[in-house]
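2 protein chains.
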Amino acid sequence: MDTKRTAATEDELGKWETQLRKGGLGLAVLATLWTGRLYGLEMLRRLEADAGLSVPEGTIYPLLNRLKSEGFVTSEWVEADAGHPRKYYSLTERGRVRVREMAGAWKGFARGLERLLAPLEGDPR
Amino acid sequence: MDTKRTAATEDELGKWETQLRKGGLGLAVLATLWTGRLYGLEMLRRLEADAGLSVPEGTIYPLLNRLKSEGFVTSEWVEADAGHPRKYYSLTERGRVRVREMAGAWKGFARGLERLLAPLEGDPR
DNA sequence: CAGCATACATAGATATGCAAGGTATTATGC
DNA sequence: GCATAATACCTTGCATATCTATGTATGCTG
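Line by line, the protein sequences give chains A and B. Residue numbers for the first sequence follow the numbering used here, beginning at 0 and rising by one. Residue numbers for the second sequence follow the numbering used here, beginning at 0 and rising by one.
If you want it as structure tokens, here you go:
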């Protein structure tokens with residue numbers, strides 16, 4: 000029963016983490032493009048390596064399509080000498096402006112939450 | 000047209016901020032209860048004052064019910080000598096454990112995102 | 001040419017925040 | 001005593017983004 004409860008708790012925490020990411024991932028993806036173009040799976044690897052965010056493929060492609068239809072990124076197919084053709088995404092000018100706005104909103108929210116979490120720090124209770 | 004575009008952009012940013020809060024608000028609410036019990040509207044005021052998070056009532060009551068049915072908080076009606084009866088919410092033991100887990104997950108996510116945002120800092124581009 | 005890895009894509013289910021509107025109780029002015 | 005306002009809590013319906021699972025196509029390799 001302990002194992003059951005633990006498993007359930009972990010599941011719930013997992014679902015919650017899913018919710019936590021909403022919105023945040025859009026910013027994360029745009030941010031990876033700040034320094035230059037990347038293709039889909041390359042972004043996933045960078046998100047994992049740089050930020051510890053493991054994002055499934057089924058999440059990033061719809062997200063990229065949304066960002067594209069909103070005019071924040073553009074895409075172009077690039078055929079390599081060897082290997083499969085890849086779809087590279089780049090930030091548009093509008094996208095650059097947007098990342099800054101989003102980053103600002105993120106920082107405001109994060110600072111507020113940090114303040115609320117301060118009382119927990121080092122409290123053994 | 001400029002005004003139109005600006006307005007539309009702000010609307011979109013607003014919708015995005017809604018997404019950004021998902022999950023985060025649950026943590027924020029539980030965190031306000033760390034130091035002691037509070038009633039609904041009191042929480043809203045504290046969230047606004049301490050963290051700059053303005054949360055509408057339509058958000059917090061369903062949220063509190065969820066947290067209660069999941070066993071993270073308990074509630075009790077308290078009748079004051081003067082004034083209206085208030086429903087006070089407190090953290091359960093399970094709730095305390097949970098806040099810690101959530102705070103840990105939040106920090107991991109926030110650190111990762113900060114790393115991704117680092118290249119934007121002071122980049123005039 | 002069969003199997004495997006790479007790369008992009010889609011559909012349905014689920015969860016959450018919000019706006020709008022509602023009920024009940026207490027305090028206040030006249 | 002009665003109307004009005006303020007406090008406090010609650011419910012419904014909708015919009016939105018992500019995940020799971022699955023599908024398609026291409027190129028490499030033995």
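The beta carbon of each residue, even a glycine, is placed where N, CA and C say it ideally should be. Just so we're clear, the structure is a prediction, and the values are computed from it rather than from any experiment.
Three-state class that DSSP yields for residue i in the structure shown
i	result
A:T2	Low confidence applies to A:T2: its pLDDT is 40, below 50, so where it sits in the model is not reliable, and the reading given next is rough at best. It is helical.
B:T73	strand
A:R45	helix
A:P118	helix
B:G13	helix
B:E113	helix
A:A27	helix
B:K106	helix
A:L52	coil
B:R124	coil
B:E100	helix
B:G22	coil
A:G82	coil
Residue i versus residue j - alpha carbon distance
i	j	result
B:R110	A:L62	22 Å
B:Y60	B:L46	14 Å
A:R95	A:L19	24 Å
B:D10	A:R99	16 Å
B:W105	A:W76	36 Å
A:L115	A:A79	50 Å
B:L32	B:L40	13 Å
B:M101	A:K67	32 Å
B:S89	B:T34	9 Å
B:K14	B:A30	25 Å
B:R44	B:K21	20 Å
B:L37	A:T17	28 Å
A:G196	B:E92	Nothing can be reported for residue 196 of chain A, as the shown portion of chain A is limited to 0 through 124.
A:P55	A:L24	11 Å
B:V28	A:A81	53 Å
A:R107	B:P84	Note that residue 107 of chain A is Gly in the sequence shown here, rather than Arg. Answer to the nearest angstrom: the Cα atoms are 34 Å apart.
A:G57	A:R65	13 Å
A:G103	B:P118	14 Å
B:R97	A:D49	27 Å
B:P123	A:S53	30 Å
A:Y87	B:Y87	53 Å
A:L12	B:L26	11 Å
B:M42	A:G51	33 Å
Endpoints, alpha helix (DSSP H) assigned at residue i
i	result
B:R36	Looking at the DSSP string, B:R36 is not in any alpha helix (DSSP H), and its letter there is neither H nor E.
B:K67	56-68
Residue range of the unbroken beta strand (DSSP E) whose run includes residue i
i	result
A:L90	85-90
Assess contact between the segment 72-80 of chain A and the segment 97-116 of chain A, defined as three or more Cβ pairs (one per stretch) separated by less than 8 Å. Is contact present? no
Contact list for the segment 108-121 of chain A against chain B, Cβ threshold 7 Å: F108, A109, G111, L112, R114, L115, L116, P118, L119
Going along the segment 32-58 of chain B in order, which residues come within less than 9 Å of chain A, judged by CB to CB distance? W33, T34, R45, L46, D49, A50, G51, L52
Chain A contacts made by the segment 87-109 of chain B, where a contact means CB separation under 9 Å: R93, R95, V96, R97, V98, R99, E100, M101, A102, A104, W105, K106, G107, F108, A109
Which residues of the segment 14-30 of chain B have a Cβ closer than 8 Å to any Cβ of chain A? Give them in chain order. W15, E16, T17, Q18, L19, R20, K21, G22, G23, G25, L26, A27, A30
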